[in-house]
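Notes for the one structure printed next.
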Amino acid sequence: MTNNNLESEYCFGSISPFHKVPTIIEDIHEEERLRNSKKGIERYAEEIKNWEYGYCADCKQIRFSSELEATPEGIRCSKCKGYRLEAPGWTVCPHHKDSVVKCPRGGRRIVKSDKGAECQDHCNFRLSER
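If you use our numbering, the sequence shown corresponds to residues 46 to 175, in order.
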């Protein structure tokens, strides 16, 4: 009978072999969160590299890749710390009539006018200064 008491105390008492399970599970979840976090940051860093530049809707400025940061939450502007960024897109820019360019606003503000296509942003970001 003494042997049964020791056995039941070992299995169901304070010496339970399962007392560390919650901490192990928490550690596993934390490792998984960190692993996914790194994947997110790496993915956003790769996206910044592919973008080359983007438009920050908070600053209302074109931001080059050196002015963008990859964080676990996404891509943000390093100047204003805002996350409202527009990805560039390929479009026919009115300033470069014969070529397709990667527009920081993705051509969202190009409208048709009496003179043809007109960009309401007037960014001229690819035109050299004279």
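C-beta atoms are modelled at their ideal positions from N, C-alpha and C, and glycine is treated no differently. All values derive from a computational prediction rather than experimental measurement.
Residue range of the beta strand (DSSP E) that residue i falls in?
i, result
"residue 106", "106-109"
"residue 129", "Taken as a continuous stretch (DSSP letters only), residue 129 belongs to no beta strand (DSSP E), as it is neither H nor E."
"residue 114", "113-116"
"residue 22", "An answer regarding residue 22 cannot be provided, because it is not within the stretch 46 to 175 covered by the chain."
"residue 99", "98-101"
"residue 119", "119-122"
"residue 148", "145-148"
Classify residue i: buried if its beta carbon has 16 or more other beta carbons within 10 angstroms, exposed otherwise.
i, result
"residue 99", "buried"
"residue 55", "Confidence at residue 55 is low in this model, with a pLDDT of 47, below 50, so the placement of that residue should be treated as unreliable; the coordinate-derived value is given next. It is exposed - the Cβ of residue 55 has fewer than 16 other Cβ atoms within 10 Å."
"residue 149", "buried"
"residue 121", "buried"
"residue 108", "buried"
"residue 93", "buried"
"residue 50", "In this predicted model, residue 50 has a pLDDT of only 47, less than 50, meaning its place in the structure is not dependable enough to derive any value."
"residue 152", "buried"
Between residue i and residue j, is the Cβ-Cβ spacing less than 8 angstroms?
i, j, result
"residue 97", "residue 133", "yes"
"residue 123", "residue 131", "no"
"residue 102", "residue 129", "yes"
"residue 156", "residue 145", "no"
Alpha carbons only, please: which of the options is nearest the one belonging to residue i?
i, options, result
"residue 79", "92, 152, 118, 94", "118"
"residue 86", "70, 103, 136, 115", "115"
"residue 127", "95, 71, 105", "105"
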